[in-house]
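Trainee: Same order as they appear, the protein sequences are chains S and U. Under UniProt numbering, the first residue of the first sequence carries the number 1, and numbering increases by one thereafter. Under UniProt numbering, the first residue of the second sequence carries the number 1, and numbering increases by one thereafter. Quick reminder that beta carbons are idealized off the backbone N, C-alpha and C, glycines included.
Number of protein chains: 2
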Amino acid sequence: MATIYEVAALAGVSPATVSRVFNGLTVSEEKQRAVRDAATKLAFVPNRTARRLRKQSSELVALLIPDIENPFFTALARGVEDRAQASGFSVVLCNTDEDPAKEKRYLGIAASEQMAGVILAPASDEVDLGSIAELGRPVVAVDRTTPYPVDAVKVDNRAAGIAAATALFDQGYRRIACIAGPAGIETTEDRFLGWRQVVTARKTVTHDGYLQHANFRVDGGRAAMTALLALDTPPDAVVTTNNLMAVGALQALAAAGIAPAEFGLAVVGELPFLTFAPASVVEVRLPARHLGTTAASMLLERIAGDTTPPRTVVLRAEVKTPEL
Amino acid sequence: MATIYEVAALAGVSPATVSRVFNGLTVSEEKQRAVRDAATKLAFVPNRTARRLRKQSSELVALLIPDIENPFFTALARGVEDRAQASGFSVVLCNTDEDPAKEKRYLGIAASEQMAGVILAPASDEVDLGSIAELGRPVVAVDRTTPYPVDAVKVDNRAAGIAAATALFDQGYRRIACIAGPAGIETTEDRFLGWRQVVTARKTVTHDGYLQHANFRVDGGRAAMTALLALDTPPDAVVTTNNLMAVGALQALAAAGIAPAEFGLAVVGELPFLTFAPASVVEVRLPARHLGTTAASMLLERIAGDTTPPRTVVLRAEVKTPEL
DNA sequence: GTGAAAGCGCTAACAG
DNA sequence: CTGTTAGCGCTTTCAC
Chain S
1 MATIYEVAAL AGVSPATVSR VFNGLTVSEE KQRAVRDAAT KLAFVPNRTA RRLRKQSSEL
61 VALLIPDIEN PFFTALARGV EDRAQASGFS VVLCNTDEDP AKEKRYLGIA ASEQMAGVIL
121 APASDEVDLG SIAELGRPVV AVDRTTPYPV DAVKVDNRAA GIAAATALFD QGYRRIACIA
181 GPAGIETTED RFLGWRQVVT ARKTVTHDGY LQHANFRVDG GRAAMTALLA LDTPPDAVVT
241 TNNLMAVGAL QALAAAGIAP AEFGLAVVGE LPFLTFAPAS VVEVRLPARH LGTTAASMLL
301 ERIAGDTTPP RTVVLRAEVK TPEL
Chain U
1 MATIYEVAAL AGVSPATVSR VFNGLTVSEE KQRAVRDAAT KLAFVPNRTA RRLRKQSSEL
61 VALLIPDIEN PFFTALARGV EDRAQASGFS VVLCNTDEDP AKEKRYLGIA ASEQMAGVIL
121 APASDEVDLG SIAELGRPVV AVDRTTPYPV DAVKVDNRAA GIAAATALFD QGYRRIACIA
181 GPAGIETTED RFLGWRQVVT ARKTVTHDGY LQHANFRVDG GRAAMTALLA LDTPPDAVVT
241 TNNLMAVGAL QALAAAGIAP AEFGLAVVGE LPFLTFAPAS VVEVRLPARH LGTTAASMLL
301 ERIAGDTTPP RTVVLRAEVK TPEL
């Protein structure tokens, strides 16, 4: 791999001039051409590591997501990527696997790699932004918020939960259960509160077992739905607080031989890769990609030097009631 | 951010000793403790950029995939990640979006970032591994192969195509169509050849329109299936050569009011996030995650210094016939 | 407009 | 076992 010294020698200029050419600084037409010619001849590619060591920053942003196999987060990632690429930044995606330890590790890497900033979908509410914050590197929280004074982009989860439960109520269901995520996680907690608000206000039938806490994945939703169906007074509809759990719930329903039409289902999120039209399923769609582009925009502004106080942007979900 | 010099000063040793401590080289117990204490006191984190510039390599591997929203590739990514993490390497995921230009760009970044190696699921058959190969950095191709002499991990696509078509034949279908991916892409081409081999050998009914080329995504599969259904002699079954196109095909079937049972469907790949048990769908499951772990293992061996000639590992798909 | 020179923080000889 | 020293390749004053 050629260096600026070799290019400089071949072009008959100083290394500084080569650097200037590649950074768009003022260099005479003549030498500029000489440098470019020499560079192509040597297949010169600037060494980013050296540049970074010198400049103490890079055009790389880290995106930390808790589950790379969840379409919600991959859509979000697409959003971040699209926005970042447009500004010449590259995105490095890291899967924290809902594991605070992995998250901490990647955060450390982002810091010690001199990345320009990080967009974080926190794995838990006990994130440690200490190391990265000390460096003054911008951080934007997305989907979930953090106790730190950093920018954040989230959705109105409470409203989403309300919309989901209300839609089921409007369809005539009166025994509406809720499959929530792990206790203590903000997004799911708020969605569940939305559900509770509706069932309380509408005075629908309730039951101790109507609130199920499950892990955020397909198997969690399946187990929770199975438990619901085994109750002495089973619900006639359910709100699931994320996309994957809805898939699991539908699987359990199918396994029990219950057609979607005779059991109401509302999901906060989008059912991924749907292959049939489930007439009775309500989706409260989360703007995953938009969440990503917004977070990226905020991060890029910070990187560009914006020092206004941290902002929190709240996006709204879009209810998609079934076409009957 | 503290440097080894500050740590050295505080611990009363030389910078070299600090470096040795952090690299596990032999240092007396006593100084070792002194260094560690000083390091914690200063919240010292080694600067990877500097280390990299010096060592000309890092513990980062790049993984380039063509579609981050395709569960096949995210599963593959999980495999790579699991294996890499186990060896202390971190994975940087880049989405090439099936775009040779983006692919080239990320390849350049991987090279100029001094990444230890790259695992590439090529976006097209015209990859340019020139820059990265010149540097002698190991590359492993996964899923699809390349014209370059590098390690590769793939599946026996021909066999997968044969298995898919055969399963449909065995179920009694005699007008078996095929929805293939874009022409010229190796994986889909081989799967399609497998299908053709079967329909030819078994002398099933054929028709000019029974071979559809579509893009690799859901909408491609939907359009292709719609076209098939519009034929004067429509098929009674179809082989789709990837997962997403199968989703689209099922959507088209549903839209046409055709139940899965009266139309045979075999997919090379796995139907993601299935919410019902489609009795007549045959999945020829691709070992996505295993593909990832295998590729990562090979890459790590190369990074460790293995210089044996390039190998190509071929994994087999697993046929999952429906439980009737 | 251009060159010389001083580092960015770390590692790897080389002495001792 | 440990300190000294010389870079890795680039950017950036500071002179000219």
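1) Using the three-state DSSP reduction, which class does U/S280 fall into: helix, strand or coil?
2) What distance in whole Å lies between the Cβ atoms of S/L76 and S/A68, which are believed to be in contact at a cut-off of 8 Å?
3) Just checking: is the beta-carbon of U/N95 within a distance shorter than 8 Å of some beta-carbon in chain S?
4) Considering only their Cβ atoms, is the gap separating U/P182 from U/T146 smaller than 8 Å?
5) Does the Cβ-Cβ distance between U/T49 and S/R52 come in under 8 Å?
6) Using a Cβ-Cβ cut-off of 6 Å (strictly less than) and excluding sequence neighbours within five positions of S/V284, which residues of its own chain qualify?
7) Tell me the DSSP secondary structure of U/N95 in three-state form.
8) Within 10 Å of its beta-carbon, does U/A39 have 16 or more other beta-carbons around it, so buried, or fewer, so exposed?
9) What's the call for U/K41, buried or exposed, on a 16-neighbour Cβ count within 10 Å?
10) Within 10 Å of its beta-carbon, does S/R217 have 16 or more other beta-carbons around it, so buried, or fewer, so exposed?
11) Do the CB positions of residue 335 of chain S and S/M115 come within less than 8 Å of each other?
12) With a threshold of 16 other CB atoms inside 10 Å of the CB of U/D190, please say whether the residue is buried or exposed.
13) Does the Cβ of U/Y5 have 16 or more other Cβ atoms within 10 Å, making it buried, or fewer, making it exposed?
14) Does the ligand GTP have even one heavy atom less than 7 Å from the beta-carbon of U/L129?
15) Would DSSP call U/R51 helix, strand or coil?
16) Do you know offhand how far U/C94's Cα is from S/T96's?
17) Flag U/T40 as yes if its beta-carbon sits less than 8 Å from any beta-carbon of chain S, otherwise no.
18) Can you give me the C-alpha to C-alpha distance between U/T204 and U/F169, rounded to a whole angstrom?
19) Taking 8 Å as the threshold, find out whether the segment 235 to 250 of chain U comes into contact with the segment 210 to 226 of chain U through three or more Cβ pairs.
20) Which class does U/L299 belong to by DSSP, given the choice of helix, strand or coil?
21) Where does the unbroken alpha helix (DSSP H) through S/I162 begin, and where does it stop?
22) Could you pull out every unbroken alpha helix (DSSP H) segment of at least 4 residues lying fully inside the segment 71 to 151 of chain U, listed in chain order?
23) Would you mind listing the beta strand (DSSP E) stretches within the segment 213 to 284 of chain U that are 3+ residues and don't spill past its ends, in chain order?
24) How would you write the range of the alpha helix (DSSP H) that S/V7 sits in, first residue to last?
25) What number of angstroms, rounded off, separates the C-alpha of U/V102 from the C-alpha of S/Q85?
26) Among S/S280, S/V142, S/A255, which has the Cα closest to the Cα of S/H290?
27) What's the C-alpha gap between S/V7 and S/S14?
28) Are the CB atoms of S/E126 and S/P100 within a distance shorter than 8 Å?
29) List the residues of chain S that U/N47 touches, going by C-beta distances under 7 Å, in chain order.
30) Chain U partners of S/L135, CB-CB under 8 Å?
31) Confirm, please, whether the CB-CB distance from S/A288 to S/F44 is below 8 Å.
32) Just to confirm, are S/G264 and S/Q197 a CB contact at a threshold of 8 Å?
33) Please report whether the beta-carbon of U/L107 lies at a distance below 8 Å from any beta-carbon of chain S.
34) For the alpha helix (DSSP H) that U/K41 lies in, which residues bound it at each end?
Mentor: Looking at the atomic coordinates:
1) Coil at U/S280, not helix or strand.
2) One detail in the question is off: residue 68 of chain S reads as Ile in this sequence, not Ala. Your pair S/I68 and S/L76 does not check out as a contact, with CB atoms roughly 11 Å apart and the cut at 8 Å.
3) Taking CB atoms only, U/N95 has a neighbour in chain S less than 8 Å away.
4) Result no, Cβ atoms of U/T146 and U/P182 do not sit closer than 8 Å.
5) The Cβ atoms of U/T49 and S/R52 sit closer than 8 Å to each other.
6) A160, A163, A164, V268, A317, V319.
7) Strand at U/N95.
8) Here U/A39 is buried, its C-beta having at least 16 other C-beta atoms within 10 Å.
9) Exposed.
10) Under this definition S/R217 is a buried residue.
11) Since the first residue of chain S shown is 1 and the last is 324, residue 335 of chain S is not available in this structure.
12) Residue environment: U/D190 is assigned as buried (16 or more neighbouring CB atoms within 10 Å of its CB, all protein chains considered).
13) Under this definition U/Y5 is an exposed residue.
14) With respect to small molecules bound, the structure shown includes none, and the ligand GTP cannot be examined in it.
15) Note: U/R51 maps to helix in three-state DSSP.
16) Distance between the alpha carbons of U/C94 and S/T96: 16 Å.
17) Contact of U/T40 with chain S is not assigned, every C-beta pair being separated by 8 Å or more.
18) C-alpha of U/T204 to C-alpha of U/F169: approximately 9 Å in a straight line.
19) By the Cβ test, the segment 235 to 250 of chain U is in contact with the segment 210 to 226 of chain U, since at least three Cβ pairs between them sit closer than 8 Å.
20) Reduced to three states, the DSSP call for U/L299 is helix.
21) First-last of the alpha helix (DSSP H) with S/I162: 157 to 170.
22) Unbroken alpha helix (DSSP H) stretches of 4 residues or longer found wholly inside the segment 71 to 151 of chain U: 71 to 86, 100 to 112, 130 to 134, given in chain order.
23) Taken in chain order, the whole beta strand (DSSP E) runs of length 3 or more contained in the segment 213 to 284 of chain U are 237 to 240, 264 to 268.
24) Unbroken alpha helix (DSSP H) run through S/V7: 4 to 11.
25) Rather than Val, the amino acid found at residue 102 of chain U in this sequence is Lys. Distance between the alpha carbons of U/K102 and S/Q85 is about 10 Å.
26) Among S/S280, S/V142, S/A255, the Cα nearest to that of S/H290 is on S/V142.
27) Approximately 9 Å, taken between the alpha carbons.
28) Going by C-beta atoms, S/P100 is nearer than 8 Å to S/E126.
29) The answer, in chain order, is S112.
30) M1, listed in chain order.
31) Against a cut-off of 8 Å, the Cβ pair of S/A288 and S/F44 comes out as no contact.
32) For S/G264 and S/Q197, no; Cβs fall outside 8 Å.
33) Output row for U/L107: interface = no.
34) For U/K41, the uninterrupted alpha helix (DSSP H) run begins and ends at 29 to 42, by DSSP.
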